[in-house]
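Novice:
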Amino acid sequence: MRIVVAVKYVPDIHADRGFEGGRVVRRADEGTLNELDENAVEAALRLKEALPEAERETSEVIVLTVAGPDADGAVRRSYQLGADRGVRVSDDAIAGSDYFGTARVLAAAVRRLADEAPVDLVVTGMAALDGLGSVVPALLSAELDLPQLTLAGKLEVDGEPGARTARVTRELDGVEEVLEAPLPAVVSVTDHANDPRMPNFKLIMAARTRPVEAWSLADLGVDPALVGETGARSRVTDASPRPPRPDAEIVVDKGEGGRALAEFLIRNDLV
Amino acid sequence: MSTPGTRTVLVLLDSAGTELRSPVLELITVGRSLGRVEAVALEAPSVDVLAQLGAYGVALVRQAEPSSGGEVVTGDALHLTPVVAEVLAAATRASDADAVLLTSSFPNKEAAARLAFLTEAGLVIDASALTDGGTHLVADKRVFAGSWDVRSEIVTDPAVLTLRANSVVPQPAEVAVATEVGALRLELSPAATATRVVSRTVDESAGAGRPALGEAAIVVAGGRGTNGDFGPVTELADALGAAVGATRDAVYEGWHDQFVGQTGVTVAPRLYIGAGVSGAPHHRGGMQASQVIVAVNNDPECPLFEISDFAVVGDLADVLPQAAEVLREHRSSQG
Numbered sequence: 001m002r003i004v005v006a007v008k009y010v011p012d013i014h015a016d017r018g019f020e021g022g023r024v025v026r027r028a029d030e031g032t033l034n035e036l037d038e039n040a041v042e043a044a045l046r047l048k049e050a051l052p053e054a055e056r057e058t059s060e061v062i063v064l065t066v067a068g069p070d071a072d073g074a075v076r077r078s079y080q081l082g083a084d085r086g087v088r089v090s091d092d093a094i095a096g097s098d099y100f101g102t103a104r105v106l107a108a109a110v111r112r113l114a115d116e117a118p119v120d121l122v123v124t125g126m127a128a129l130d131g132l133g134s135v136v137p138a139l140l141s142a143e144l145d146l147p148q149l150t151l152a153g154k155l156e157v158d159g160e161p162g163a164r165t166a167r168v169t170r171e172l173d174g175v176e177e178v179l180e181a182p183l184p185a186v187v188s189v190t191d192h193a194n195d196p197r198m199p200n201f202k203l204i205m206a207a208r209t210r211p212v213e214a215w216s217l218a219d220l221g222v223d224p225a226l227v228g229e230t231g232a233r234s235r236v237t238d239a240s241p242r243p244p245r246p247d248a249e250i251v252v253d254k255g256e257g258g259r260a261l262a263e264f265l266i267r268n269d270l271v
Numbered sequence: 272m273s274t275p276g277t278r279t280v281l282v283l284l285d286s287a288g289t290e291l292r293s294p295v296l297e298l299i300t301v302g303r304s305l306g307r308v309e310a311v312a313l314e315a316p317s318v319d320v321l322a323q324l325g326a327y328g329v330a331l332v333r334q335a336e337p338s339s340g341g342e343v344v345t346g347d348a349l350h351l352t353p354v355v356a357e358v359l360a361a362a363t364r365a366s367d368a369d370a371v372l373l374t375s376s377f378p379n380k381e382a383a384a385r386l387a388f389l390t391e392a393g394l395v396i397d398a399s400a401l402t403d404g405g406t407h408l409v410a411d412k413r414v415f416a417g418s419w420d421v422r423s424e425i426v427t428d429p430a431v432l433t434l435r436a437n438s439v440v441p442q443p444a445e446v447a448v449a450t451e452v453g454a455l456r457l458e459l460s461p462a463a464t465a466t467r468v469v470s471r472t473v474d475e476s477a478g479a480g481r482p483a484l485g486e487a488a489i490v491v492a493g494g495r496g497t498n499g500d501f502g503p504v505t506e507l508a509d510a511l512g513a514a515v516g517a518t519r520d521a522v523y524e525g526w527h528d529q530f531v532g533q534t535g536v537t538v539a540p541r542l543y544i545g546a547g548v549s550g551a552p553h554h555r556g557g558m559q560a561s562q563v564i565v566a567v568n569n570d571p572e573c574p575l576f577e578i579s580d581f582a583v584v585g586d587l588a589d590v591l592p593q594a595a596e597v598l599r600e601h602r603s604s605q606g
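If you read the protein sequences in the order shown, they are chains W and F. Here the first sequence stands for residues 1 to 271, numbered as in this note's numbering. Here the second sequence stands for residues 272 to 606, numbered as in this note's numbering.
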């Protein structure tokens, strides 16, 4: 089984995040593997580990990212967890891509991997914690013309090689669904799907020097005009930090704290 | 593009079989500010829904009748994201729409993305406002846990947007209209039905008596500090007509079923009250765009205080019931 895991390198959630010239500021030293993508890596590793030994040995978990060279950090983190191979697609023309540009490049890279040998499954996290759009998995499924099984809280794969089915359970907005599709398919998993493992010490040491394959748009045959800022269907015209909130009015409860809270709400017309 | 006020805007009705909830009425209100609004329904609109649409000035609702391989598609399969997207794409072509609006649920975000893919439209997810910039439509959204405001122009026609609940106050039209139902027939692509719905269960009890968490104007959330007792949280929520949420930790402990957070439900209500909530980044990411933030915590160093407008240092088991009582008295004195 060959599983491609699409991951994103994102600014650390604790770091100061912001915009410059309409783009998200990215600093090499403050990035990290998108936390939710650890669930995707974990899901892929577990599927591989559950295979019979003979098939497991020929199986591969390939981590794929679209970003600048500093995103190797996200790939190396995936190596520490047990990923077999890492590919980064970098190209100056990709900068400023919207959801569609990103999905287009990811899809082209998946197609190239599928040209080498069939890809059975593409797995992603449910959202990137910088943009939080949560739509790239659906777009990747549309680009690849593969069934989408997204926002899975549970993922199971059954069947014999070549005729497998994926089944997901998802719970959204008070609706519980069980969905099924033949492989290959695109799956996104939530943080309920599993508990990601800790990095493995031996793999940590090895990950430092493990190569990350770097591909360009030309390698993928993607027209640069269709991605990046030139291909974007929306453009940021203004980005500004919100003014800091004034200091909170703090009341220490000495028996009247609840009354003070209610009076604050009434005074501010919030009830 | 057309001149302002003359655009055609499509709105997806989330539940045409019962009644339209506030977030959908918000979409129609925003749509009317841009021009003519048409609605798209996956199921037959009820009498109540038709009356609401009429009051909101929507003269036409297109009811989807998709087929696959010549067979009419009904039931659970209608809700598959690719199916919703192809229905909306057909409606976009039928009405030559300039914009398509959906509420900001996770399934709707994905349907919006696939619709934009099919129609080569620009897409804004979780917008807080949509205005007509003349040449282009302009969307505002709040990002990075509510710490930045971003404005973008959608340079395509059509534009596809999901709009967050509580972005505007729903307003009926000045003049009500009679709403017609028109059939929207389309043949789905084979890919749209490649995913099979094994089962689909709607939890009817989820919103019983309370607004849904993702769309409520007031949210009361409980965290670790409740020690598992959501009684005071629920009591205050009832006094306020608010939705109840929790932190991720509290949900993992089994104390409540829905959490507010970056990967849970993101909320942007007029008023958020966090009780026994420390204010961890995950939770803040899901509520920091709230307009007014109130915190109750016995820890004076609680990080949620840093982003609060009003805070009480004290035991939530004392503070919340007292506040609820004063609010109930206030309400009854107002008649």
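Cβ atoms here follow ideal geometry from the backbone N, Cα and C, with glycine treated the same way. Keep in mind the model is a prediction, meaning the values are calculated, not measured.
(1) Would you kindly report the start and end of the unbroken alpha helix (DSSP H) that includes W:Ala138?
(2) Have a look at the DSSP bridge pairing and note the partners of F:Pro581.
(3) On the three-state DSSP scale, how would you describe F:Lys380?
(4) Taking only three categories from DSSP, how would you classify F:Ser273?
(5) Would F:His407 pass as a contact of F:Ile425 if the rule is Cβ separation under 8 angstroms?
(6) Could one say the Cβ of W:Ile266 lies closer than 8 angstroms to chain F's Cβ atoms, at least one of them?
(7) Does DSSP put W:Gln148 in a helix, in a strand, or in coil?
(8) Closer than 7 angstroms by beta-carbon distance: list the chain W residues that pair up with F:Lys412, in chain order.
(9) Any C-beta of chain W sitting closer than 8 angstroms to the C-beta of F:Ala511?
(10) Should W:Ile62 be labelled buried (16 or more other beta-carbon atoms within 10 Å of its own) or exposed?
(11) Using the Cβ count rule (16 or more neighbours within 10 Å means buried), how would you classify W:Arg159?
(12) Which one of F:Gly341, F:Glu342, F:Gly547, F:Leu305 has the shortest CA to CA distance from F:Asp586?
(13) Suppose the cutoff is 6 angstroms on Cβ atoms and the five residues either side in sequence are ignored; what does the same chain contact list for W:Glu309 look like?
(14) In its own chain, which residues sit with a C-beta less than 7 angstroms from the C-beta of F:Ala384, not counting the 5 before and 5 after it?
(15) Given a threshold of 16 other Cβ atoms within 10 Å of its Cβ, counted over all protein chains shown, does F:Met558 qualify as buried or as exposed?
(16) Taking buried to mean at least 16 other C-beta atoms within 10 Å of its own C-beta, is F:Gly346 buried or exposed?
(17) Figure out for me which residue from F:Pro441, F:Ala392, F:Phe377, F:Thr300 has the closest Cα to the Cα of F:Thr427.
(18) Is the beta carbon of W:Arg210 sitting closer than 8 angstroms to the one on W:Arg77?
(19) For W:Tyr79 and chain F, any beta-carbon pair shorter than 8 angstroms?
(20) Provide the residue span of the beta strand (DSSP E) that contains F:Asp420, from first to last.
(21) How many angstroms separate the CA atom of W:Met205 from the CA atom of F:Thr352?
(22) Residues of chain F with a CB under 8 angstroms from the CB of W:Leu36: which are they?
(23) Would you say F:Ser376 reaches chain W, if we count a Cβ-Cβ gap shorter than 8 angstroms as a contact?
(24) Does F:Ser604 come out as helix, strand or coil in the three-state DSSP assignment?
(25) Which of the three DSSP states, helix, strand or coil, is assigned to F:Lys412?
(26) Three-state secondary structure (DSSP) at W:Ala193?
(27) Just to confirm my understanding: we take F:Thr279, look at its own chain, exclude 5 residues before and 5 after, and list those with CB closer than 7 angstroms. What are they?
(28) Tell me the rounded alpha-carbon separation between W:Thr58 and W:Asp92.
(29) What does the alpha-carbon distance come out to for the pair W:Arg167 and W:Tyr99?
(30) Have a look at F:Gly453, F:Arg467, F:Arg422 and flag the residue whose alpha-carbon is nearest the alpha-carbon of W:Thr165.
(31) First and last residue of the beta strand (DSSP E) that includes W:Ile3?
(32) CB-CB under 8 angstroms to F:Ser338, same chain, minus the five flanking residues each way: which ones, in chain order?
(33) Can we say the segment 410-422 of chain F touches the segment 284-297 of chain F, given the rule of at least three CB pairs closer than 8 angstroms?
(34) What residues match up with F:Gly545 in a beta bridge as DSSP calls it?
(35) How would you write the range of the beta strand (DSSP E) that F:Pro337 sits in, first residue to last?
(36) Assign W:Asp120 to one of two classes, buried (16 or more other C-beta atoms within 10 Å of its C-beta) or exposed (fewer than that).
Specialist: Considering the structure as presented:
(1) Where W:Ala138 is concerned, the enclosing alpha helix (DSSP H) stretches over 136-144.
(2) According to the sequence displayed, residue 581 of chain F carries Phe and not Pro. Its beta-bridge partners are W:Glu249, F:Val565.
(3) helix
(4) For F:Ser273, the predicted structure reports a pLDDT of 47, less than 50, and the residue's modelled location is therefore unreliable. A value from the coordinates is still provided. In this structure, F:Ser273 counts as coil in the three-state DSSP scheme.
(5) Yes, the pair counts as a contact, with Cβ atoms nearer than the cut-off.
(6) For W:Ile266, the answer is yes, since a Cβ of chain F falls inside 8 angstroms of its Cβ.
(7) strand
(8) Per Cβ cutoff of 7 angstroms: no residues; F:Lys412 is ~10 angstroms from chain W at best.
(9) The sequence given here places Leu at residue 511 of chain F; Ala does not occur at that position. At a cut-off of 8 angstroms between beta carbons, F:Leu511 contacts chain W.
(10) buried
(11) Residue 159 of chain W is actually Gly in this sequence, not Arg. The residue is exposed, with fewer than 16 neighbouring Cβ atoms inside 10 Å.
(12) Ranking the options by Cα distance to F:Asp586, first place goes to F:Gly547.
(13) For residue 309 of chain W there is no data in the structure shown, the boundaries of chain W being 1 and 271.
(14) Leu394
(15) buried
(16) Classification of F:Gly346: exposed, given that the 10 Å Cβ count is below 16.
(17) Considering only alpha carbons, the answer is F:Ala392.
(18) no
(19) Taking a beta-carbon distance threshold of 8 angstroms, W:Tyr79 does not count as an interface residue toward chain F.
(20) 419-425
(21) 43 angstroms
(22) Result: Thr534.
(23) yes
(24) helix
(25) strand
(26) Shown here, W:Ala193 sits in coil according to DSSP, grouped into three states, outside any helix or strand.
(27) Gly306, Arg307, Glu309, Ser366, Asp367, Ala368, Asp369
(28) 35 angstroms
(29) 26 angstroms
(30) Its Cα nearest to that of W:Thr165, the residue F:Arg467 stands out among F:Gly453, F:Arg467, F:Arg422.
(31) 2-6
(32) Cβ neighbours of F:Ser338 beyond the five flanking positions: Val344, Arg456, Leu457, Glu458, Leu459.
(33) no
(34) F:Ala492, F:Ala566
(35) 331-339
(36) buried
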